[in-house]
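Chemist:
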Amino acid sequence: MKNNETEKTILTEKTPGITVLSLVCIAATVLAALLLYLSNVRVPFMMDDLWYSTDLRDGSTLDGIGDIIGSQIWHYHNWGGRVFTHGILQLSLMSGERAADVINTAATLILVFLMCYLARLSSERLDPAKDKTGFISVYALALGLLITCCPNFRMSMLWQAGCANYVYSSVWILFFYICYLRAPDPEKKDFPLVHVFIPVLGLITGWSTENMGPSACVIAALITFVCIKKKTAPASKKIWMIEGVIASFIGSVFCILAPGNFIRKTGSEEHLALTLPDRLLQMLRGLGEYMFLPLIILAGALIAYKAVLNKKISAGNAVLMLAALLSYGAMIASPHYPDRAAFGTCVLIETVSVSLLSEMFGEKRSLLRFLLPVMLLVSSAAVMYVILG
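One point on numbering: in the working numbering, the residue at position 255 of the sequence shown is 303, and numbering is uninterrupted.
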């Protein structure tokens, strides 16, 4: 009983100057968002952007949706399976550089919002529907982590092809996770029209990237299996959950088994010839080079969480950590492991860190609730200043 009272006191402690700190947090977030837009402006269309801005069939200028559909049919049969993601890429390229910069910035800010929602959803204490008072500090924390810990900020979030492949796709993948993590809770109503959009959402989730899509499918299948076995979901909910799993599986199959993947791999014979130990070494090297910082922060959050609250992590956070592990492990099947491929895995790791830190600090607890996000936003501003410079 005493521990519960102490914990309650920690979670409701008021800090002097809390309004000022909130304003500082808001100002830092707005500044980071502005710098994010300016950083996007600084990086022009380049490399693959120049190719995807044409009709892939004949190299002519894109002249509407028909050309994009034709390009992606050609792409699927001759180059790769990410038809939906690259179709969105071509749409953004057709809109022009400044419009694409606005879209990229908006997509990133939406991704951060979904990270916050997912972080609070996977927590045992923070309800994303009822608890709105501390949202700004959580949002600032997530934004700072996303930029500061990005494996390759310029090529993953600013380069148009990278942003479409990783930032855009992470938006609908996280929404897919949110739908399924809400499902076991009988107190949470389904999203409106979930029966209509979940097959489409599942399909594009599986058809996004070769590691994040299949791992999301596995997690959705696992949650569905648990709900059916424990009988925690009504029949109507089980139907859409099964539909989403099947759709994401189909999308993953289409993405991975695209004829273009087998044509493209002829240029990667050297990588394909790597032995299993060589590939494991390549992945371990990627783990250290691309995910060292987010993993260190996660480890610190786990240790502090245990020390302060003396509780096990929630089932939701355990699921997200498993999802991150699966998305990382899936890369063993890839001929190589570029830094950009770690983006989605890092997003999941960062989401767990946001959840643990937010829950540990409580709704009104101490300067750390605001100082840590501001410090991370300052770090992210430094990263973006390098791009602007």
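Don't be surprised by glycine CBs; every beta carbon is placed ideally from N, CA and C.
1) Counting only the same chain and skipping the five closest in sequence on each side, list residues whose C-beta sits under 7 angstroms from that of L425.
2) Excluding the five sequence neighbours on either side, which residues of its own chain have a C-beta within less than 7 angstroms of the C-beta of C265, listed in chain order?
3) At 4 residues or longer, and completely inside the stretch 296–372: list those alpha helix (DSSP H) runs for me, N to C.
4) Determine the direct distance from the alpha carbon of I351 to that of K56, and round the result to whole angstroms.
5) Assign W207 to buried or exposed, taking buried as 16 or more other Cβ atoms, counted over all protein chains shown, within 10 Å of its Cβ.
6) I'd like the span of the alpha helix (DSSP H) that includes I277, first residue to last.
7) Could you have a look at T102 and say whether DSSP puts it in helix, strand or coil?
8) Among the candidates S362, E258 and D97, whose CA atom is the shortest distance from the CA of A381?
9) Determine the DSSP secondary structure at T109, reduced to helix, strand or coil.
10) Can you give me the C-alpha to C-alpha distance between V444 and W288, rounded to a whole angstrom?
11) Under 8 angstroms, do Y214 and F391 count as touching if we go by C-beta distance?
12) Can the beta-carbon of D97 be found closer than 8 angstroms to that of G118?
13) Could you tell me how far apart the beta carbons of T393 and L166 are, in whole angstroms, since I believe they sit closer than 8 angstroms?
14) Just tell me which of L71, K279, L86 and C73 has its CA closest to the CA of L436.
15) Roughly how many angstroms separate the alpha carbons of A306 and P247, rounded to a whole number?
16) Is it buried or exposed for A177, if we count other Cβ within 10 angstroms and need 16 for buried?
17) Could you say which of C164, S171, R312 and L82 lies nearest to L357 if we only look at CA atoms?
18) Just to confirm, is the Cβ distance from V131 to C164 under 8 angstroms?
19) Cα separation between S204 and C197?
20) For a test of the three-state rule: what should DSSP assign to C211, helix, strand or coil?
21) Specify the secondary structure class of T393 as computed by DSSP and reduced to three states.
22) Below 7 angstroms CB to CB, which residues in the same chain sit around V431 once its five sequence neighbours on both sides are set aside?
23) What are the boundary residues of the alpha helix (DSSP H) that H134 is part of?
24) Hey, quick one: how far does the alpha helix (DSSP H) through I246 stretch, first residue to last?
25) Given that a residue counts as buried once 16 or more other Cβ atoms are within 10 Å of its Cβ, and exposed if not, what is D149?
26) What distance in whole Å lies between the Cβ atoms of V72 and F409, which are believed to be in contact at a cut-off of 8 angstroms?
27) Go ahead and label I134 buried or exposed: buried means 16 or more other beta carbons lie within 10 angstroms of its beta carbon, across all protein chains shown.
28) Quick one: what does DSSP say V219 is sitting in, helix, strand or coil?
29) With distances taken Cα to Cα, identify the nearest neighbour of W127 among V367, A154, R312 and P240.
30) Are at least three pairs of beta-carbons, each pair with one atom in the stretch 263–278 and one in the stretch 220–232, less than 8 angstroms apart?
31) Use the C-beta contact count for R333: other C-beta atoms within 10 angstroms, 16 or more gives buried, fewer gives exposed.
32) So the candidates are M331, H125, S401 and R327; which of them puts its Cα closest to the Cα of I361?
33) Starting from the Cα of R168, find the closest Cα among A155, I184, T153 and T156 and give me that residue.
34) For the candidate residues I397, D387 and E337, whose alpha-carbon lies nearest to that of N365?
35) Is the beta carbon of L374 sitting closer than 8 angstroms to the one on S263?
Modeler: Reading it off the structure:
1) Taking the first residue of the sequence shown as 1, we reach residue 425 at position 377. Correct list, in chain order: A76, T77, A80, A188, L191 and G192.
2) Taking the sequence shown and counting its residues from 1, the one referred to as residue 265 is at position 217. Cβ-Cβ distances below 7 angstroms link C265 to G254, V293, S296, F297 and S300 in the same chain, with the five nearest sequence neighbours on each side left out; the list follows chain order.
3) Fully contained in the stretch 296–372 are the following alpha helix (DSSP H) runs of length 4 or more, in chain order: 307–312, 317–320, 324–338 and 340–357.
4) Here residue 56 corresponds to residue number 8 of the sequence shown, with the count starting at 1. Here residue 351 corresponds to residue number 303 of the sequence shown, with the count starting at 1. Bear in mind that a pLDDT of 44 at K56, under 50, signals an unreliable position, so the number given afterwards is only what the model happens to contain. Each residue's Cα considered, the two are about 20 angstroms apart.
5) Within the sequence shown, numbered from 1, the residue matching residue 207 stands at position 159. It is buried - the Cβ of W207 has at least 16 other Cβ atoms within 10 Å.
6) Counting from 1 along the sequence shown, the entry for residue 277 is found at position 229. Residue identity differs from the one stated: residue 277 is Lys in this sequence, not Ile. Membership of K277 in the alpha helix (DSSP H) is indicated by the continuous run M260 to K278.
7) Residue numbering aside, residue 102 sits at position 54 when the sequence shown is read from its first letter. Strand.
8) Stepping through the sequence shown from its first residue, residue 381 is reached at position 333. Closest option to A381, Cα to Cα, is E258.
9) Reading the sequence shown from its first residue, position 61 is the one you call residue 109. Three-state DSSP puts T109 in a strand.
10) This structure leaves residue 444 out entirely; the chain is present only between 49 and 437.
11) As a first step, residue 214 must be located in the sequence shown, where it is residue number 166. As a first step, residue 391 must be located in the sequence shown, where it is residue number 343. When the beta-carbon positions are compared, Y214 and F391 come within less than 8 angstroms of each other.
12) In the sequence shown, counting from the first residue as 1, residue 97 sits at position 49. In the sequence shown, counting from the first residue as 1, residue 118 sits at position 70. Cβ distance not < 8 angstroms, so D97 and G118 don't count as in contact.
13) Mapped onto the sequence shown, residue 393 falls at position 345. Mapped onto the sequence shown, residue 166 falls at position 118. Not quite, the Cβ-Cβ distance comes to about 15 angstroms (not below 8 angstroms), so this is no contact.
14) Position 388 of the sequence shown, counted from the start, is the residue given in the question as residue 436. Minimum Cα-Cα distance from L436 among the listed residues L71, K279, L86 and C73 corresponds to L86.
15) To locate residue 306, count along the sequence shown from 1; it is residue 258. To locate residue 247, count along the sequence shown from 1; it is residue 199. Looking at the two C-alpha atoms, the distance is approximately 20 angstroms.
16) For this step, residue 177 is matched to residue 129 along the sequence shown. Low confidence applies here, because A177 scores a pLDDT of 48, under 50, leaving its location unreliable; read the following figure in that light. With fewer than 16 other Cβ atoms within 10 Å, it is exposed.
17) Taking the sequence shown and counting its residues from 1, one reaches residue 357 at position 309. In terms of Cα proximity to L357, the closest of C164, S171, R312 and L82 is S171.
18) Taking the first residue of the sequence shown as position 1, residue 131 is located at position 83. Taking the first residue of the sequence shown as position 1, residue 164 is located at position 116. Here V131 is not near C164, since their CB atoms are 8 angstroms or more apart.
19) Counted from its first residue, the sequence shown places residue 204 at position 156. Counted from its first residue, the sequence shown places residue 197 at position 149. Straight-line Cα distance between these residues: approximately 12 angstroms.
20) Here the question's residue 211 lines up with position 163 in the sequence shown. Secondary structure of C211 (DSSP, three-state): helix.
21) As a position in the sequence shown, residue 393 is number 345, starting the count at 1. In the structure shown, T393 sits in a helix (DSSP, three-state: H, G or I).
22) One-based indexing of the sequence shown puts residue 431 at position 383. Closer than 7 angstroms at Cβ, skipping near neighbours: I195, T196 and F201.
23) Sequence index remark: in the sequence shown, residue 134 carries index 86 (1-based). Under the DSSP assignment, H134 falls in the alpha helix (DSSP H) whose first and last residues are V131 to M142.
24) To locate residue 246, count along the sequence shown from 1; it is residue 198. V242 to G254 is the span of the alpha helix (DSSP H), which, as asked, contains I246.
25) Locating residue 149 in the sequence shown gives position 101, counting from the first residue. Classification for D149: buried.
26) The count along the sequence shown starts at 1 and reaches residue 409 at position 361. The count along the sequence shown starts at 1 and reaches residue 72 at position 24. No, F409 and V72 are not in contact; Cβ-Cβ is about 16 angstroms, not under 8 angstroms.
27) Position 86 of the sequence shown, counting from 1, holds the residue named residue 134. A small fix is needed here, since residue 134 is His in this sequence, not Ile. With a threshold of 16 other beta carbon atoms within 10 Å, H134 meets it and is buried.
28) As a first step, residue 219 must be located in the sequence shown, where it is residue number 171. Three-state DSSP puts V219 in a helix.
29) Against the sequence shown, residue 127 aligns to sequence position 79. With distances taken between Cα atoms, W127 lies closest to R312.
30) They touch, by the three-pair rule.
31) Walking along the sequence shown from the start, residue 333 turns up at place 285. Exposed: under 16 other Cβ atoms inside 10 Å.
32) Translated into the one-based positions of the sequence shown, residue 361 becomes position 313. Shortest Cα-Cα distance from I361 to any of M331, H125, S401 and R327 involves S401.
33) To locate residue 168, count along the sequence shown from 1; it is residue 120. Residue I184 is the option with its Cα nearest to R168.
34) Translated into positions along the sequence shown, residue 365 becomes position 317. Nearest of I397, D387 and E337 to N365, Cα basis: I397.
35) Along the sequence shown, read from residue 1 onward, the residue named residue 374 stands at position 326. Along the sequence shown, read from residue 1 onward, the residue named residue 263 stands at position 215. A contact, by the Cβ cut-off of 8 angstroms.
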